[in-house]
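Okay, so here's the structure we're looking at.
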Amino acid sequence: MTSPAPPAGEGAVHLDAGTGTGPGVRLVGRSAELALLDGFLAAAVTRGAALMLTGDAGVGKSALLDAAAARAAERGFRVVRVVGSAFEESVSFSALHQMLQPLADEMAALPARQASTLRAALGLSDEQPAELLAVSGAVHTLLSRTAAASGPVALVVDQVTWLDRPSAVVLANLARHVRSSPLALLAASRTGDESYLGGTGLPTHEVRPLDTESANRLVTERFPAMTPRVRRRLVTEAAGNPLALLELPATLDEAQLTERGPLPAALPLSERLQKIYGDRVGNLPEPTRDLLLLAVLDGSGRLGILQRAGNGDVLAALGPAEQSGLVRVDATTGRLVFRHPLTRSAVLELSTGAERRRGHLALAREFPAGSEHRARHLADATIGPDDEAAALLYEVAHRTLGRGDAVGAITTLLRASELSLDGAAKARMLTEAACLGANITGDLRNVRALLADAALADPTDPDSLAAATAAASQLVNGEGDADTAHKLLVGAIGGRNPQNRFSTDVLHEAVLTLVRVCFYSGRPELWRTFDDAVRETPSTADEPLLPVLRGALGDPVHAALPVLDTLDGLLADLHRETDLRRIIGAAAAATFVDRLPGCRSALRRVIDSGRDGGAVAAAIEASFMLAIDAYFSGQWDDIPGLTEEGLRWCDRHSYRLTAQPCRYLRGLLAAARGDTRTALTVADRLVSWGSPRRLDTLGVYAAHIRAMCALADADFESAYRQLASVVTPGELPPYQPHVLWFFLDFAETAARTGRHAEAAAHVAAVRETHTPAISPRLAMLTDAAQAVATPDVVAHDLFERALATPDAQRWPFEWARISLLYGERLRRAKAGVAARVHLDAALTTFRRLGAAPWTARAANELRASGIAVAGTASGAHRAALLTPQELKTAQLAATGLTNKQIAAQLYLSPRTVATHLRSAFPKLGVSSRAGLRDALTGRPQDGRY
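So this note's numbering is basically just the index in the sequence shown, starting at one, shifted up by 123.
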């Protein structure tokens, strides 16, 4: 039997499967504390035990008491609950009444004198209460007899500080003698609060705030719609306090939680949080509160600024706040530090608008004219519209963008638009915010609304450059409408306003968007219009990234060589680059000229920004580029995770076009690993989406996937037809960057189908364009293509030179394919010994990559050369074809686990598990999970040996 559970105290943070405090309650991030409580209860059964939980308000002490009470009840304890109350602190024996009420039946069995003592203490008789020592003895006897009769007793006491004095004395005496009976006394009190129990010397355990991982998990599970950037802000402000983590979101509206509206400088406090953090601030002297307000508004903690802006002895004025434990001066930095971030929110909420305005003005005077801090303080001190403050904020927004904080830049632009009276200026700020949202932060949904507001502010300029860029980005990324986007951009770039002081940033954004439009369109005529537009725009001349993009991305075959030195310089400095737009631009330029490895760390920074809710649109592109790099560098197991994350972002933010390259990489990987059905499904989807929109690049993607499927099956005629649909034999036309990815494939399929003249002509075109000079990889592929295109003889020198390319195994799949081609030629020329070296190298690499059909081809060639090869036909050796991650997944699936259960064990998503299984099935020669066990153990599935 247990007493009724009282209302949860502050900080009672549960994730419930049901209600109450039973087994359905799950605490987040408290495994160590729960283990401690389990040990405490186990010890109390034999010799009695006492423990005091301490911690800040809202840290979760009450939740742990609830969990302890539930665990005690499960162990057979008789649980008795007591909660101190500020309203009953002056009522004698009020807490003792809570404790004894559930034990009323047992009281009647006490010796008469002790029963009379307790009845008097509880006011149940007309007798005068006895001395507290006698009451304590009677309570101890009652609990000891109860424990002896019905099992151990757990006395759980919350809010110790607010116990009435007589009850607290009784409990303190009980704590001193707890070991004489099977009694567990568990209490909780705020850190620093004095109580009678605290003076008994009983053991204490401080309940610490949640760690960052647990805090994030708690908020994510309770508020799944909250964006990562908002969640990060709340987790930072709450500083691990569970009550704050759950209460702060309730003070924000839906737009703020989903980042469609700006967050306030200081998060507002709920009523419960205000009581915890605001009461102590409100009791401070007025000069101290004024100085704390200046510190909150400044945010730097520099005492010099507070001294000048506050006009007084800053340390003396801070004294009461330090004594109250609200702030401290860091001994190392000499800066003022708030002990909890929410104290700052309390300071702000207790101030008036006039006080905040005076504080901002005082701080603005401490910064030089033109500084960002001065501009922000003046804007915050402004009442109503102010064009001067708006203009200052507009400048700040562009500086913020240059530091890589696109979200901060958008927020600042929107605030500047609120302050602006000038319609044209307001429209410019709104359209630029829309432009950045569409191109960087992934906020396509707000583009229409912002552009509509801009049109209302300034109906005379509906075709401004920023508005056209934002609209074009929404059209191409969301709908795939490259033609309309192209017309908008070309027209706006040609009709730009040269008087706009800050048009350069927007102009470069417009040109970068036009590059994206031209790339996905895959049509030379759009690139020619791009050249005309940029040629007539002198202000782009001092931006080195634009010609690099035009040459290395737009037409690498004919225009990359002149810009490679500039590109290499940009990449060398990429680790210092803070502008995420420039990182993405430089990486895009590096994609077709084999320089993506130099972009890896910078691209990961972009992805981290996307994960934090910042540059989501840029992060989508970064995930695609890292997936490309992983494909060519042989890190194939990384591709599902990279593309899956990119596709999730695309789905969440409606980036339909940008999802297609991620699908392309997944299809290409499926083709190389023998999952033909998945690969062809992806190819069909690319065509069905891209063809009606005239996105020719998606058609190239599809042809590449289909050709790889055919090559994997040694169906060279089908592979040739697919490649011939996007390649003209003997020509490398301009504005077709993807031809650099499959000219070896074309040469091989042409040669194997008897079209030797076409193969030779194509290799000649590659050499005439000096493609080998672009990168060592392209030089390796050119030598291999020429060797394949040479009929009737084995071109030893070309094959050997290709395989000896410095660091050739940085591109393992292509290197292994060249080894396979060379080994095949050598075997057919009766040079079996030499062939085996290359065939074995190819087989080893294909196996490591999990390229099942290529592994089979290499193994067949080795067998034909007289070498027995195990592990490619059937039985347990098939498992050798799997990557480590695929093998683990298949082994777990063979035991009957679902994808969700496997994902939980391997820390993957169910979608990634499904991808690994789809790849494993063809390698193991099975079509469903039912055949996995036999395939992995080597038992023949047809029953024959």
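Each residue gets a CB set at the ideal place from its N, CA and C atoms; glycine is no exception.
These numbers were taken from a predicted model, which means no experiment stands behind them.
Closest in alpha carbon position to Ala753, among Asp774, Arg789, Leu770 and Gly560, is Arg789. Boundaries of the alpha helix (DSSP H) harbouring His827: Asp819 to Ala835, taken from the DSSP string.
Sequence-distant partners of Ala710 (beyond 5 residues in either direction) whose C-beta falls short of 6 Å from its own C-beta, in its chain, are Cys722, Leu726 and Met748.
For Arg425, the secondary structure class from DSSP, reduced to helix, strand or coil, is strand.
Considering only Gly692, Arg728, Gln783 and Ile730, the residue with the shortest C-alpha distance to Ala712 is Gly692. With distances taken between CA atoms, Val262 lies nearest to Val276 out of Val276, Ser988 and Asp249.
By the neighbour-count criterion, in which 16 or more other beta carbons inside 10 Å mark a residue as buried, Val450 falls on the buried side.
For Arg313, no alpha helix (DSSP H) encloses it; the enclosing beta strand (DSSP E) starts and ends at Leu306 to Arg313. About 6 Å separates the CB atoms of Ser644 and Asp819; that is less than 8 Å, so the two are in contact. Per DSSP, reduced to three states, the secondary structure at Val613 is helical. In the DSSP assignment, Arg204 falls within the beta strand (DSSP E) that extends over Arg201 to Val206. Nearest Cα to Asp179 within the set Asp838, Asn364 and Asp413: Asn364.
Of the other Cβ atoms in all chains shown, fewer than 16 fall within 10 Å of the Cβ of Gln1028; this residue is therefore exposed. By the beta-carbon neighbour count (other beta carbons within 10 angstroms, threshold 16), Lys184 is buried.
Setting aside the 5 residues that flank it on each side, Gln1008 is surrounded in the same chain by Asp760 and His1039, each with a C-beta closer than 7 Å to its C-beta; the list follows chain order.
Minimum Cα-Cα distance from Ala338 among the listed residues Glu648, Leu368, Pro679 and Leu325 corresponds to Leu368. Our two residues, Leu985 and Leu926, have alpha carbons roughly 19 Å apart in a direct line. Under the three-state reduction of DSSP output, Met175 falls in the strand class. Look at Val450 here: in three-state DSSP terms it is strand. When Leu459, Ala477 and Arg481 are compared, the shortest CA-CA separation from Ala432 is found for Arg481.
For His300, the three-state secondary structure derived from DSSP is coil.
In this chain, the alpha helix (DSSP H) harbouring Leu687 covers Leu687 to Ala695. Taking the Cα positions, Arg796 is about 22 Å away from Val810. For Phe653, the three-state secondary structure derived from DSSP is helix. Straight-line spacing of the CA atoms in Leu471 and Asp421 works out to 12 Å. Gly162 and Arg526 have their C-alpha atoms roughly 52 Å apart. Taking one beta carbon from each stretch, the segment 301 to 313 and the segment 239 to 259 have fewer than 3 pairs nearer than 8 Å; the two do not touch.
Of all alpha-carbon atoms in Pro667, Leu791 and Val280, the one lying nearest the alpha-carbon of Thr177 is that of Val280. Within the same chain, and ignoring the five residues on either side of Val599 in sequence, the residues whose Cβ sits closer than 8 Å to its Cβ are Ala605, Ala608, Thr636, Arg639, Val640, Tyr643 and Leu780. Contact check for Ala952 and Val911: beta-carbon distance about 14 Å, past the 8 Å limit, so the pair fails to qualify. For Ala975, the closest C-alpha among the options Glu666, Arg933, Lys1046 and Leu553 is that of Lys1046. Excluding its 5 nearest sequence neighbours in each direction, Thr534 has C-beta neighbours in its own chain below 8 Å: Pro385, listed in chain order. Listed in chain order, the non-local C-beta contacts of Leu904 below 6 Å within the same chain comprise Leu867, local neighbours out to five positions each way being set aside. The way I'd put it, the segment 426 to 443 doesn't touch the segment 386 to 396; fewer than three beta-carbon pairs between them come closer than 8 Å. Here Val917 carries a coil assignment [DSSP, helix/strand/coil]. Across the structure, Thr928 and Pro899 are spaced so that their CA atoms are roughly 7 Å apart.
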